[in-house]
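Novice:
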Amino acid sequence: HFVYLAGGSGPGLAIWSIANPAAPQLMDSYNPDYYHDYAIHNNTVAAFRIYGGGIDLLDVTNKSNIQLISNFNYPYSGAHNGAFTEDGNYLFVGDEIGGDGSNPWNWTRSFDVSDPMNVNYIDDLVVDAFGIVHNCYIEGDYLIMSHYNHGVRIWNVSNPANCYEVGYFDTYPISTGGYTGCWHNYPYFPSGKIIASDMTYGLYTLTSPLLPPDPGCCVGVRGDMNNDGAAVANIL
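Spelled out as structure tokens, the structure:
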């Protein structure tokens, strides 16, 4: 029943209650810097300070009292977006605008955040050293990245210290290295489908055998379970 807002010209992070959708209520805001985006795992928010400030880890257990846990950073950072693994122990951070002006830098990095007071860099996920990454999301053992000119990329991240690419779909046929192509995806439909938006070529709906449909909950099946000629058993 809560909405987390980042970006725009307002506060760094604002939490609104929508328990009554007709009358949203601001619970709290936390404003140390401009937060471009965030990732959330249970009551921990990773807030991305894209203009060089790294990543703030925030405790939002009390939605009316946002607390800073810690901040971590890396050289020449431009942390834009990221995703926690499902156990919350690792965080993948996509860098969109970082670098020192002369070297390629805009790829995805993994960090061990199991101890938020002692965050450790783990590995780089590089599709193309001169290609720019944008948004990423975790679904099971897979990280799904929107990678501008390089389309949608799927990486196996079951071992965050040894990640590797397992599939892709290039929505933008010309690789220019700039801010064109696929800049967003969404992999959380029960169907297992991914939607991907390309700034030039429109909206794609994709399927992958790596992301099968959600089997859903149990369903009632009527049948002749005891071979008595009558389908009277309702088995869940």
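Going letter by letter, the sequence shown gives residues 1 to 236 in our numbering.
Positions of the beta carbon are idealized from the N, C-alpha and C atoms, including for glycine.
1. So is Y142 buried or exposed if we call it buried at 16+ other beta carbons inside 10 Å?
2. Excluding sequence positions up to five away, which residues of its chain have a Cβ less than 6 Å from the Cβ of N135?
3. Any idea if S191 is buried or exposed, counting beta-carbon neighbours within 10 angstroms, 16 or more meaning buried?
4. From the DSSP output, in three-state form, read off A22 for me.
5. What are the complete beta strand (DSSP E) segments, minimum 3 residues, inside the stretch 47-84?
6. Measuring only the C-alpha atoms, how far is D33 from G12?
7. Taking C-alpha atoms, which residue in I138, I174 and N149 lies nearest to V127?
8. Going by Cα to Cα distance, which pick from P116, D124 and D112 is closest to P104?
9. I138 and F92: beta carbons closer than 9 Å?
10. Since F169 sits in a beta bridge, which residues does DSSP pair it with?
11. Here's the rule: buried if 16 or more other CB atoms are within 10 angstroms of the residue's CB, otherwise exposed. What is S9?
Specialist: Here's the rundown:
1. Counting from 1 along the sequence shown, the entry for residue 142 is found at position 142. Burial call: buried.
2. As a working note, residue 135 is residue 135 in the sequence shown. Closer than 6 Å at the Cβ level, and outside the excluded window around N135, lie N81, S146 and H184.
3. In the sequence shown, residue 191 corresponds to position 191, counting from 1. S191 should be labelled exposed.
4. For this step, residue 22 is matched to residue 22 along the sequence shown. Coil, per DSSP.
5. 54-59, 67-72 and 79-84
6. On the sequence shown, position 33 is the one that residue 33 refers to. On the sequence shown, position 12 is the one that residue 12 refers to. Answer to the nearest angstrom: the Cα atoms are 6 Å apart.
7. Looking up residue 127 in the sequence shown gives position 127. For V127, the nearest C-alpha among the options comes from N149.
8. One-based indexing of the sequence shown puts residue 104 at position 104. Nearest option by C-alpha distance: D124.
9. For the purposes of this step, residue 138 is taken as the residue at position 138 of the sequence shown. For the purposes of this step, residue 92 is taken as the residue at position 92 of the sequence shown. Yes, the Cβ-Cβ distance between I138 and F92 is below 9 Å.
10. By one-based count along the sequence shown, residue 169 stands at place 169. F169 is bridged to V152.
11. Walking along the sequence shown from the start, residue 9 turns up at place 9. So S9 counts as exposed.
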